[in-house]
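One structure is given here, and the rest of the page talks about it.
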């Protein structure tokens with residue numbers, strides 16, 4: 589495990605109620621591929637801030653990265669029902685829907701997310717959905733932006749509204 593994770597873990601042990609610190613640990617774990625551990629940290633942070641939409645989105649992403657797409661869907665579907673759902677939640681939901689072959693709904697969710705916040709753009713997902721999108725500086729620098737496609741879908745694209753391998 590790298591030094592950043594080790595230091596964050598030590599800091600969280602010293603200050604377990606410091607939610608921003610725990611979020612930093614969860615984000616770092618997820619970013620380095622330790623998704624199962626990230627799930628636990630996001631869950632703990634949600635115990636401290638149960639209504640925080642960014643934490644719910646982080647948990648959904650961690651579930652998905654850990655191969656638990658069903659659990660990711662449960663979390664993100666609940667999240668996008670709220671008027672306060674971040675635009676990136678709609679874009680992430682679009683990614684999950686596309687992975688299940690629900691392309692029309694994925695396109696709707698993607699467009700909604702990007703209309704609400706242009707920095708939520710995900711060029712790779714837009715391309716796969718057959719949506720023309722333009723990059724924004726914020727999208728290129730946001731560490732929480734979804735950047736990877738499900739490895740099982742790596743060779744598929746959407747053509748005429750259908751997923752093609």
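In my numbering, the protein residues as written are 589 to 753. Glycine included, every Cβ here is placed at the ideal spot set by N, Cα and C.
Query, Result
"Ranges of the alpha helix (DSSP H) found wholly within the stretch 604 to 683, counting only runs of at least 4", "607 to 619, 623 to 636, 641 to 653 and 657 to 668"
"Length of the line joining the Cα atoms of residue 708 and residue 601", "33 Å"
"As assigned by DSSP and simplified to three states, the class of residue 703", "helix"
"Buried or exposed by the 16-neighbour rule on C-beta atoms within 10 Å, applied to residue 583", "This structure cannot speak to residue 583, because the chain is shown only from 589 to 753."
"Proximity winner among 620, 614, 678 and 619, relative to residue 631 (alpha-carbon distances)", "614"
"CB contact flag (residue 609, residue 596, <8 Å)", "yes"
"Buried versus exposed, by CB contacts within 10 Å (16 or more), residue 695", "buried"
"Residue 654 and residue 623 closer than 8 Å at C-beta", "yes"
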